[in-house]
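Here the structure is laid out as structure tokens; the discussion comes afterwards.
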Amino acid sequence: SAVISQKPSRDICQRGTSLTIQCQVDSQVTMMFWYRQQPGQSLTLIATANQGSEATYESGFVIDKFPISRPNLTFSTLTVSNMSPEDSSIYLCSARDRLYGYTFGSGTRLTVV
Amino acid sequence: AQSVTQPDIHITVSEGASLELRCNYSYGATPYLFWYVQSPGQGLQLLLKYFSGDTLVQGIKGFEAEFKRSQSSFNLRKPSVHWSDAAEYFCAVGADSGGGADGLTFGKGTHLIIQP
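So the protein lines, in turn, are chains A and B.
Taken in order, the first sequence gives residues 2 to 114; the numbers are from the numbering used here.
Taken in order, the second sequence gives residues 4 to 119; the numbers are from the numbering used here.
Structure representation (structure tokens):
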């Protein structure tokens, strides 16, 4: 299955700043996804990122707050903008592999102070 | 819209006993179904998946799950649990839409506790 390298693994950020999370896949994938896991909660889909098109955001998530780039078939970034303590979560990227389903990065644990 | 229900927030099982974690889904067509496990501070690991075909699916670590369309269920089972199975278990549903693959919808998770 595809292997995803996600970084940073964790960060502590000041409120009002932005953090960009990167995901690198070891093979070409059409679909990539970004999820948020709030403390003690399940995963919620933020957006779907296809190469060559704008990301599609789920209800409750907007591009100004979570801009996403997908410059090629192996790479994507998610930026968490103008952060507040409520943004403290684990952010995970995922790639759709036709044979093996959905593979996940190891996550970015974000704490906003 | 698709949804996933994991009715058990916590389950406690004695080591060596059998395990069944429940998962019910709501989706109009045949979904893709997944079970993931997450240990504290760790990422998600895929236990098994169902796309089509045989409704009894074998996964890693001795887990299996059975897809029952009539009950909209995809319960996870293990005949004998080990202390290392203590973790959070997530059931998820996905599908292929007209624009490509959909992202997954996750259940709220079941926290598995293993008693010695």
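Glycine included, C-beta positions come from ideal geometry on N, C-alpha and C.
Residue burial classification, residue i (beta-carbon count within 10 angstroms, cutoff 16)
i                      : result
residue 71 of chain A  : buried
residue 29 of chain B  : exposed
residue 13 of chain A  : exposed
residue 35 of chain A  : buried
residue 88 of chain B  : buried
residue 117 of chain B : buried
residue 30 of chain A  : buried
residue 55 of chain B  : exposed
residue 39 of chain A  : exposed
Pair within 7 Å by beta-carbon distance, residue i and residue j
i                      : j                      : result
residue 7 of chain B   : residue 112 of chain B : no
residue 71 of chain B  : residue 102 of chain A : no
residue 119 of chain B : residue 18 of chain B  : yes
residue 50 of chain A  : residue 26 of chain A  : no
residue 22 of chain A  : residue 92 of chain A  : yes
residue 14 of chain B  : residue 115 of chain B : yes
residue 69 of chain A  : residue 48 of chain A  : yes
residue 108 of chain A : residue 46 of chain B  : yes
residue 77 of chain B  : residue 68 of chain B  : yes
residue 77 of chain A  : residue 33 of chain A  : yes
Separation of residue j from residue i, as counted between CA atoms
i                      : j                      : result
residue 55 of chain A  : residue 74 of chain B  : 38 Å
residue 20 of chain B  : residue 84 of chain B  : 6 Å
residue 104 of chain A : residue 42 of chain B  : 16 Å
residue 10 of chain A  : residue 106 of chain A : 10 Å
residue 4 of chain B   : residue 46 of chain A  : 13 Å
residue 39 of chain B  : residue 98 of chain B  : 16 Å
residue 94 of chain A  : residue 16 of chain B  : 32 Å
residue 79 of chain B  : residue 59 of chain A  : 28 Å
residue 74 of chain A  : residue 32 of chain B  : 29 Å
residue 50 of chain B  : residue 37 of chain B  : 8 Å
residue 99 of chain A  : residue 53 of chain A  : 20 Å
residue 8 of chain A   : residue 24 of chain A  : 7 Å
residue 113 of chain A : residue 62 of chain A  : 18 Å
residue 59 of chain B  : residue 10 of chain B  : 21 Å
residue 37 of chain A  : residue 44 of chain A  : 6 Å
residue 57 of chain A  : residue 41 of chain A  : 26 Å
residue 65 of chain A  : residue 108 of chain B : 23 Å
residue 35 of chain B  : residue 57 of chain B  : 13 Å
residue 48 of chain B  : residue 67 of chain A  : 25 Å
residue 28 of chain A  : residue 44 of chain B  : 26 Å
residue 86 of chain B  : residue 111 of chain A : 30 Å
Given 8 Å, three or more beta-carbon pairs between the region 14–32 of chain B and the region 86–102 of chain B: yes
Does the contact criterion of 3 or more C-beta pairs under 8 Å hold for the region 56–67 of chain B versus the region 80–95 of chain A? no
If we require 3 or more residues per run, which beta strand (DSSP E) segments fall completely within the region 37–63 of chain B? 47–53 and 59–61
Please specify which runs of the beta strand (DSSP E), each continuous and at least 3 residues long, are wholly inside the region 38–92 of chain A, giving them in chain order. 44–51, 69–73 and 76–81
Spell out a yes or no on whether the region 11–24 of chain A and the region 77–84 of chain A are touching, meaning 3 or more CB-CB pairs, one atom from each, closer than 8 Å. yes
In chain order, what are the residue ranges of uninterrupted beta strand (DSSP E) at least 3 long that sit wholly in the region 6–41 of chain A? 11–14, 20–26 and 32–38
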